[in-house]
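Asks: My questions all concern the structure below.
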Amino acid sequence: MPTDRIAHRGFADDYPENTPLAFRTAAEHADAVEMDVQRCGSGELVVFHDAKLGRVTDRFGLVQDTPWSVLWGLTILDSDETVPSLETALGSVPAGTAINLELKHVGMADEVLDAVEDVENEILLSSFDSNVLRDLRERDDDVRLAYINQRGPNCIDTAVDLDCVCVHPRADLCDAAFVERAHQEGLRVNSWTVDDEEGAAALADAGVDGIVSDTSAVF
78 MPTDRIAHRG FADDYPENTP LAFRTAAEHA DAVEMDVQRC GSGELVVFHD
128 AKLGRVTDRF GLVQDTPWSV LWGLTILDSD ETVPSLETAL GSVPAGTAIN
178 LELKHVGMAD EVLDAVEDVE NEILLSSFDS NVLRDLRERD DDVRLAYINQ
228 RGPNCIDTAV DLDCVCVHPR ADLCDAAFVE RAHQEGLRVN SWTVDDEEGA
278 AALADAGVDG IVSDTSAVF
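Okay, so the sequence shown: first residue is 78 according to our numbering, each after it adds one.
Shown next, in the form of structure tokens:
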């Protein structure tokens with residue numbers, strides 16, 4: 078079975094990360110795009126990975142303290158792309174490309190579910206925080222969830238407990254035994270973050286269902 082190609086932040090090494098341009102362009106080479114959502118200082122949901130602004134913009138401070146009136150005008154790295162709202166980011170993904178939306182913190186469940194309700198792309202909601210996934214599940218019996226983990230194989234048990242369809246482990250956790258156990262529990266395995274061809278090939282041989290990468294070059 079072919080391994081899904083998942084563009085991490087829209088292939089962050091290739092394009093200005095978490096921007097509509099990245100999502101549109103990455104979709105030409107990927108089966109799914111991954112994006113991050115968090116709440117900004119004035120309450121809107123924005124697509125941005127870091128808690129702090131400084132790595133990818135020319136402004137300092139926290140996203141959670143910065144209002145949308147400021148964020149929307151900030152450009153990402155050396156591009157002309159700006160910080161998108163969740164709705165803008167979702168709308169930029171071409172039809173037929175799946176969306177993996179990572180929730181960075183609790184307190185967004187209702188708004189995220191509302192935002193994805195009418196999106197025609199296949200949606201997967203993921204988080205490192207089990208409380209985020211529990212909130213989503215309590216509100217929607219059918220939403221597809223994925224548990225992201227970097228610590229160890231117990232993430233399979235947590236994913237099952239949360240009624241997830243996928244588990245997203247760090248790449249070095251994904252040997253064939255891990256993948257087999259996850260599959261036995263009915264979970265797909267999407268491994269992150271893999272940015273070299275050798276590592277991607279090893280994970281494919283181990284039987285993972287998807288590989289999350291910052292660059293299309295590994296595929």
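Quick reminder that beta carbons are idealized off the backbone N, C-alpha and C, glycines included. Given the structure is predicted, the values throughout are model-derived calculations rather than measurements.
1) Hey, Q128 and V140 are a contact pair by Cβ (cut 8 Å); roughly how many whole angstroms apart?
2) With which residues is C360 paired in a DSSP beta bridge?
3) Flag this pair as touching only if the stretch 148 to 156 and the stretch 205 to 220 have three or more C-beta atom pairs under 8 Å; answer yes or no.
4) The alpha helix (DSSP H) spanning C232 covers which residue range?
5) Check the DSSP bridge columns for E105 and list the partner residues they point to.
6) Under three-state DSSP, which class holds H182?
7) Grab me the residues of E274's own chain with a C-beta within less than 7 Å of its C-beta, minus the 5 sequence neighbours each way, in chain order.
8) Which term fits D286, buried or exposed, when burial requires 16 or more other beta carbons within 10 angstroms of its beta carbon?
9) Looking only at C-alpha atoms, which of L122, V133, S268 and V170 sits nearest to N226?
10) Out of E262, A277, L180 and L190, which has the shortest C-alpha to C-alpha gap to R247?
11) Do you know offhand how far C251's Cα is from S146's?
12) Would you mind giving the Cβ-Cβ distance between V271 and E111, rounded to the nearest angstrom? I have them listed as a contact below 8 Å.
13) Rounded C-beta distance between S156 and P93? I'm assuming under 8 Å.
14) With a floor of 3 residues, list each beta strand (DSSP E) that falls wholly inside the stretch 109 to 166, ordered by position along the chain.
15) Would F88 pass as a contact of A107 if the rule is Cβ separation under 9 Å?
16) With 16 other CB atoms within 10 Å as the buried threshold, where does V183 fall?
17) Would you say R82 and P171 are within 9 Å of each other, going by their C-beta atoms?
18) S119: buried (16+ other C-beta within 10 angstroms of its C-beta) or exposed?
Replies: Working from what's here:
1) One detail in the question is off: residue 128 reads as Ala in this sequence, not Gln. Yes, they are in contact, since the Cβ atoms of A128 and V140 sit about 6 Å apart, within 8 Å.
2) The chain is shown only over 78 to 296; residue 360 falls outside these bounds and no answer can be derived.
3) no
4) C232 to D238
5) Bridge partners of E105: none, in fact.
6) coil
7) V295
8) buried
9) S268
10) A277
11) 42 Å
12) That pair is no contact at about 13 Å.
13) 4 Å
14) 109 to 116 and 122 to 124
15) yes
16) exposed
17) no
18) exposed
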